[in-house]
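All residue numbers for the sequence shown refer to numbering that gives the first Met the number 0, where the first residue is 0 and numbers rise by one.
C-beta atoms are modelled at their ideal positions from N, C-alpha and C, and glycine is treated no differently.
In this text, all values refer to a predicted model and were calculated from it rather than measured experimentally.
The structure under discussion appears below in the form of structure tokens.
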Amino acid sequence: MLEPNGQNSYSFAGLPFVPKYSSHRLTGRRVLRSRRFFAFSLVAVVLIDAGNASGQQSIPTTFNGVIVVNTKSETVAELSQDNPFADASTLPLRAPAFNAIRTEHYQPAFMAGMKQQLAEMAAIAGHADAPTFDNTIVAIEKSGALLNRSRQVFSNMTSAHTNKDLQNIQTEMAPLLAAHSDNILLNQQLFQRVEKLYDSRDSLELTGEQQEVLRRHYEDFVRAGARLSEADQNRIRSLNEQLSTLQTKFEDNLLAVTKERSVVVDDVAELDGMSDADIAAAAETAKERDQEGKYVLEITNTTRVPILTSLNNRVLRERVWKASANRAVGQHGGIDNRPLILEIAQLRAERANLLGFANHSAYKLQNQMAKTPAAARKMLTDLVPGVVARVQEEAEDLRAMMKELGTDHDLAPWDWEYYAEKVRKTRFEVDEAAVKPYFEVNSVLTNGVFFTMNKLFGITFRERRDLPVYHPEVRVFDVLDGDDSQIGLFYIDFFKRDSKRGGAWMSSFVDQSSLLNEKPVIVNVLNNPRPADGEPALISFDNVTTMFHEMGHAVHGLFSDVTYPSVSGTATPRDFVEFPSTFEEDWCIQPAILSNYARHHETGEPIPKELLDKVIRASKFNQGFDTLEYMAAAILDLEWHTLTADEIPDDIEAFEAATLKKYGIDISAVPPRYRTAYFAHIWGGGYSSSYYAYLWSEVLAADAFAFMQTSGGATIENGADFRSEVLSRGSSRDPMTSYKAFRGQEPTVDALLIRRGLK
Numbered sequence: 000m001l002e003p004n005g006q007n008s009y010s011f012a013g014l015p016f017v018p019k020y021s022s023h024r025l026t027g028r029r030v031l032r033s034r035r036f037f038a039f040s041l042v043a044v045v046l047i048d049a050g051n052a053s054g055q056q057s058i059p060t061t062f063n064g065v066i067v068v069n070t071k072s073e074t075v076a077e078l079s080q081d082n083p084f085a086d087a088s089t090l091p092l093r094a095p096a097f098n099a100i101r102t103e104h105y106q107p108a109f110m111a112g113m114k115q116q117l118a119e120m121a122a123i124a125g126h127a128d129a130p131t132f133d134n135t136i137v138a139i140e141k142s143g144a145l146l147n148r149s150r151q152v153f154s155n156m157t158s159a160h161t162n163k164d165l166q167n168i169q170t171e172m173a174p175l176l177a178a179h180s181d182n183i184l185l186n187q188q189l190f191q192r193v194e195k196l197y198d199s200r201d202s203l204e205l206t207g208e209q210q211e212v213l214r215r216h217y218e219d220f221v222r223a224g225a226r227l228s229e230a231d232q233n234r235i236r237s238l239n240e241q242l243s244t245l246q247t248k249f250e251d252n253l254l255a256v257t258k259e260r261s262v263v264v265d266d267v268a269e270l271d272g273m274s275d276a277d278i279a280a281a282a283e284t285a286k287e288r289d290q291e292g293k294y295v296l297e298i299t300n301t302t303r304v305p306i307l308t309s310l311n312n313r314v315l316r317e318r319v320w321k322a323s324a325n326r327a328v329g330q331h332g333g334i335d336n337r338p339l340i341l342e343i344a345q346l347r348a349e350r351a352n353l354l355g356f357a358n359h360s361a362y363k364l365q366n367q368m369a370k371t372p373a374a375a376r377k378m379l380t381d382l383v384p385g386v387v388a389r390v391q392e393e394a395e396d397l398r399a400m401m402k403e404l405g406t407d408h409d410l411a412p413w414d415w416e417y418y419a420e421k422v423r424k425t426r427f428e429v430d431e432a433a434v435k436p437y438f439e440v441n442s443v444l445t446n447g448v449f450f451t452m453n454k455l456f457g458i459t460f461r462e463r464r465d466l467p468v469y470h471p472e473v474r475v476f477d478v479l480d481g482d483d484s485q486i487g488l489f490y491i492d493f494f495k496r497d498s499k500r501g502g503a504w505m506s507s508f509v510d511q512s513s514l515l516n517e518k519p520v521i522v523n524v525l526n527n528p529r530p531a532d533g534e535p536a537l538i539s540f541d542n543v544t545t546m547f548h549e550m551g552h553a554v555h556g557l558f559s560d561v562t563y564p565s566v567s568g569t570a571t572p573r574d575f576v577e578f579p580s581t582f583e584e585d586w587c588i589q590p591a592i593l594s595n596y597a598r599h600h601e602t603g604e605p606i607p608k609e610l611l612d613k614v615i616r617a618s619k620f621n622q623g624f625d626t627l628e629y630m631a632a633a634i635l636d637l638e639w640h641t642l643t644a645d646e647i648p649d650d651i652e653a654f655e656a657a658t659l660k661k662y663g664i665d666i667s668a669v670p671p672r673y674r675t676a677y678f679a680h681i682w683g684g685g686y687s688s689s690y691y692a693y694l695w696s697e698v699l700a701a702d703a704f705a706f707m708q709t710s711g712g713a714t715i716e717n718g719a720d721f722r723s724e725v726l727s728r729g730s731s732r733d734p735m736t737s738y739k740a741f742r743g744q745e746p747t748v749d750a751l752l753i754r755r756g757l758k
């Protein structure tokens with residue numbers, strides 16, 4: 000999901016009031032949009048400037064229930080100078096001072112930041128002069144600096160390296176941050192200034208970016224309920240507060256349930272089929288959890304679990320799959336997300352109705368590329384017949400393999416990937432265990448991902464070890480342009496750990512903005528398996544693809560070249576933001592690139608051409624399964640969020656089964672990529688009603704990649720066009736305008752079908 004925020008993908012004064020994630024179409028990767036809104040609505044005394052010296056109109060004495068005392072603005076935020084958030088970081092590009100930041104610094108910084116921003120907003124709302132773009136919109140864009148810098152660090156920490164104390168802060172602040180957003184967006188005096196500008200926008204002689212910034216701010220107010228009656232606004236406030244609390248609880252549960260549902264194995268013989276490195280890693284995990292002598296198989300964030308491809312023990316495969324698929328439903332007295340989900344769905348539906356929408360999906364998609372739930376659903380359901388037919392063909396291939404091996408049981412979901420791997424080996428003669436030695440993580444990063452970025456964009460990455468990091472495994476790089484000027488900083492966090500949420504995502508500690516004179520500081524967070532001590536970090540080809548995907552998000556943030564922070568980098572519609580990242584995936588299987596990084600970790604020899612060709616051909620294998628499990632989750636998301644408040648069911652599992660049957664995708668061996676109880680994108684994150692966005696974005700990505708191949712492929716010239724027309728623009732103009740400026744026309748689905756091996 001694009002990040003842990005709140006309700007929609009836009010931001011107000013740098014404060015997105017939306018939830019969080021952006022997860023990849025196949026493996027649950029996420030883009031963590033850094034402008035996460037952690038704020039406080041405090042019934043407090045806020046100190047502000049009493050007005051100007053000429054005695055013009057003074058600032059109101061109250062601001063949405065917060066008492067305002069007339070005094071000088073420099074006394075607004077009382078924060079100890081010992082707090083590292085008190086001033087902007089003095090490190091290069093304002094990188095976080097992780098060596099100085101401690102847990103106890105966050106809450107005081109948030110509180111002071113909220114006081115400061117409320118004072119800034121009060122000053123804007125009560126400005127004596129008529130509204131102008133500068134005294135209203137630019138002032139809003141500049142507000143909240145203290146809150147933003149503390150929030151951007153905190154939001155990544157609660158996902159990448161959390162602990163109980165951080166979770167407690169997050170839980171305590173969730174309802175307060177929702178109320179703070181409402182305090183700003185439901186302020187009538189502030190809204191009236193923005194509305195006056197919006198109504199006269201055609202006469203203001205604004206640039207295209209300024210027009211887009213004004214439109215987004217105006218829509219933020221309207222979509223938050225600025226036009227509602229006072230009674231309805233109070234209800235909206237209550238709903239937002241409740242939802243923020245429930246969504247935070249859901250996320251905390253998911254972090255806990257991943258550990259709860261891990262499978263402990265006593266006898267190494269049960270792990271027959273796993274590589275020595277994977278067995279050693281399982282033993283290491285068990286040791287870390289005080290179960291030395293045993294083996295812990297961890298559950299990933301998706302329904303499928305990678306280890307199922309190699310486990311020969313069918314009983315254990317079933318045990319692992321069920322541990323994954325039956326998460327968070329209260330099994331054996333464990334964590335149960337179902338009551339939370341039903342309440343979230345109910346409250347979202349009620350809020351949408353109050354705001355004048357038929358349902359939550361209609362509300363969420365109004366400002367996305369799809370515009371309506373019907374358009375998003377049609378894109379998915381149009382593919383169902385062809386995808387289901389391909390799944391049936393693939394199932395027959397698996398059954399044939401099972402028969403050949405003398406297996407007499409039915410094809411179950413815990414069998415699919417196991418036998419698919421055997422078909423893959425037979426048909427393409429590709430053994431994942433034989434391929435992994437050529438994908439050592441540092442080589443993939445340096446000789447694969449960075450190499451590709453240099454070929455396409457002329458940029459280089461130079462590692463530096465003088466900047467503090469939040470975990471010893473995190474690495475930092477200067478990102479340098481072709482003229483050796485610095486574009487930004489790039490952090491990467493490779494390996495899974497108990498303190499990290501599942502999936503993979505991009506976030507930012509600083510967003511690019513020429514208005515604020517800020518260059519981007521970007522982080523990619525991954526969940527590659529950590530090798531046992533002394534062993535090389537060998538990863539699967541899917542994890543290779545993830546690294547390229549997340550770098551696509553990273554350069555989207557790094558190449559941002561806009562004036563205003565609210566439209567910077569990845570602050571785009573959900574169904575556009577996955578386009579640049581998915582586009583970068585396809586470079587990883589281009590022979591000239593793959594042969595550069597796919598080298599044996601011991602000998603340094605490049606992957607043999609024969610094996611390389613097989614890897615590329617095999618990348619199209621099993622696409623019916625991949626596509627259907629994704630589509631099932633995306634359709635489930637839309638079905639949940641097109642319900643009205645009086646249609647919310649009591650039985651989650653029954654609703655899920657009925658939905659899959661309704662759309663003809665109830666194939667038992669191919670369950671949804673995420674079942675309802677652990678669908679983080681839609682219940683804890685920002686992809687509610689928007690999980691379809693991965694396929695929508697993939698249409699753009701496949702079309703753009705195919706187009707680039709017709710004009711020379713990975714060249715500096717092609718990369719410059721893509722950077723200029725797509726990556727640098729953020730959301731400073733309509734996304735389809737950016738796409739057509741690069742491509743010359745709107746996309747077609749032809750390249751997508753070829754990319755997925757469906758045509």
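With fewer than 16 other Cβ atoms inside 10 Å of its own Cβ, V314 counts as exposed. Cβ-Cβ separation between P670 and P412: approximately 5 Å, consistent with a contact (criterion under 8 Å).
Beta-bridge pairing by DSSP links S512 to E517. Closest option to W682, judged by alpha-carbon separation, among L382, N336, E462 and I100: N336.
In the structure shown, I298 adopts coil according to DSSP, grouped into three states. Straight across, the Cα-Cα distance linking F558 with Y690 is about 25 Å. Between the stretch 127 to 134 and the stretch 196 to 212 there are three or more C-beta pairs closer than 8 Å, enough to call the two in contact. Taking a cut-off of 8 Å for Cβ pairs, the stretch 697 to 715 and the stretch 737 to 748 touch, as three or more such pairs fall below it. With 16 or more other Cβ atoms inside 10 Å of its own Cβ, R754 counts as buried. The Cβ atoms of Y677 and L253 lie closer than 8 Å to each other. With respect to Q367, P572 sits close: the two C-beta atoms are nearer than 8 Å. Between the beta-carbon of G729 and that of V475 there is about 24 Å, and that puts the pair past the 8 Å contact cut.
In the three-state reduction of the DSSP assignment, R463 falls in the strand class, which pools E and B.
Boundaries cannot be given for I458, as no beta strand (DSSP E) includes it and DSSP labels it neither H nor E. Scanning Q485, G457, K293 and V221 for the CA closest to the CA of F356 turns up V221. Here L165 is not bridged, per DSSP, to any residue. Closest in C-alpha terms to A657, from the list D480, W639 and S79, comes W639. Residue burial annotation: K435 is buried, with at least 16 other C-beta atoms found within 10 angstroms of its C-beta.
Within the DSSP secondary-structure output, I491 pairs in a beta bridge with R474 and N523.
Taking all protein chains shown into account, T709 has fewer than 16 neighbouring C-beta atoms within 10 Å of its C-beta and is therefore exposed. Cβ-Cβ distances below 6 Å link Y673 to A632 in the same chain, with the five nearest sequence neighbours on each side left out; the list follows chain order.
Listed in chain order, the alpha helix (DSSP H) runs fully inside the stretch 525 to 589 are 540 to 557 and 573 to 584, counting runs of at least 4 residues. Assigned with DSSP and collapsed to three states, L479 falls in strand. Excluding the 5 residues flanking it on each side, A255 has same chain C-beta neighbours closer than 7 Å at I334, in chain order. Under the 10 Å beta carbon count, N358 is surrounded by 16 or more other beta carbons and is classified as buried. In chain order, D574 place their CB closer than 6 Å to the CB of W695, counting only its own chain and leaving out the 5 sequence neighbours on each side. Counting along the chain, V314 sits inside the alpha helix (DSSP H) bounded by residues R313 to A324. F493 sits away from V448, with the two beta carbons spaced by 8 Å or more. Counted as a single uninterrupted DSSP element, the stretch harbouring V669 is not any alpha helix (DSSP H), since DSSP gives it neither H nor E. Taking D265 as reference, the option from S237, V295 and E283 with the minimal CA-CA separation is V295. In the structure shown, I183 falls within a helical segment according to DSSP collapsed to helix, strand and coil. Put simply, the backbone Cα of L238 is about 51 Å away from that of V267. Within the stretch 260 to 295, complete beta strand (DSSP E) segments of at least 3 residues are found at 262 to 264, given in chain order.
In this chain, K435 is not harboured by any alpha helix (DSSP H), its DSSP state being neither H nor E. Here P605 is bridged, per DSSP, to R598.
Close CB contacts of N300 within its chain, under the 7 Å cut and outside five residues either way in sequence, are with G27, G501, G502 and A679 (chain order).
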